[in-house]
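Colleague: Next up is a structure, given as structure tokens.
In the working numbering, the protein residues as written are 279 to 450.
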């Protein structure tokens with residue numbers, strides 16, 4: 279989608295039909311409920327690590343990732359917004375000290391990125407599964423960073439080209 283169209287412009291859109299947006303949310307909600315039911319059932323049969331790798335769980339994670347992407351696309355295409363709906367943010371735990379008086383100048387932060395170009399072949403694994411895998415590994419990476427003493431207030435997994443990168447195939 280072009281960012282030059284009216285959807286991305288400075289003028290308010292006026293009347294927008296929210297039905298396709300609600301339909302995308304409803305599909306995602308149904309898949310999340312199905313995931314919970316499936317995960318509870320799988321976990322009743324297997325240990326945690328086996329449940330993480332259960333094909334039923336992985337298939338639903340892939341479907342949920344695809345439905346998240348569909349919701350993003352619906353919001354982006356209809357409203358022109360870049361909704362960050364898949365970032366996980368944890369509040370500090372009860373045993374963690376938080377300096378409420380700290381000024382932003384006292385905090386050092388930076389954003390780190392790790393980009394992958396992932397390909398498959400006909401009959402190979404489904405690319406929709408990649409988001410679920412990266413999400414799982416992202417949870418593990420966050421835990422390791424926290425254990426090493428870092429605060430990780432937010433992180434996310436996404437799919438598609440990041441508009442912020444100055445990557446142009448013509449430059450290659």
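Beta carbons are placed, not taken as given, at the ideal position from N, Cα and C, and that holds for glycine.
Just the C-alpha distance for residue 295 and residue 310, rounded to the nearest angstrom, thanks.
Modeller: Roughly 24 Å between the two C-alpha positions.
Colleague: Exposed or buried, which one is residue 412 when buried takes at least 16 other CB atoms within 10 Å?
Modeller: Classification for residue 412: buried.
Colleague: What's the gap between the Cα of residue 407 and the Cα of residue 335?
Modeller: Rounded to whole angstroms, residue 407 to residue 335 spans 11 Å at the Cα level.
Colleague: Find the nearest neighbour of residue 364 within the set 337, 356, 355 and 346, judged by alpha-carbon distance.
Modeller: Nearest option by C-alpha distance: 346.
Colleague: Would you call residue 422 buried or exposed, if buried means 16 or more other Cβ atoms sit within 10 Å of its Cβ?
Modeller: Residue 422 is exposed by the Cβ-count criterion.
Colleague: Please check the pair residue 410 and residue 339, which I expect to be a contact at CB under 8 Å, by giving their CB distance rounded to whole angstroms.
Modeller: Yes, they are in contact, since the Cβ atoms of residue 410 and residue 339 sit about 3 Å apart, within 8 Å.
Colleague: Buried or exposed: where does residue 359 fall if 16 or more other Cβ atoms within 10 Å of its Cβ makes it buried?
Modeller: That one is exposed.
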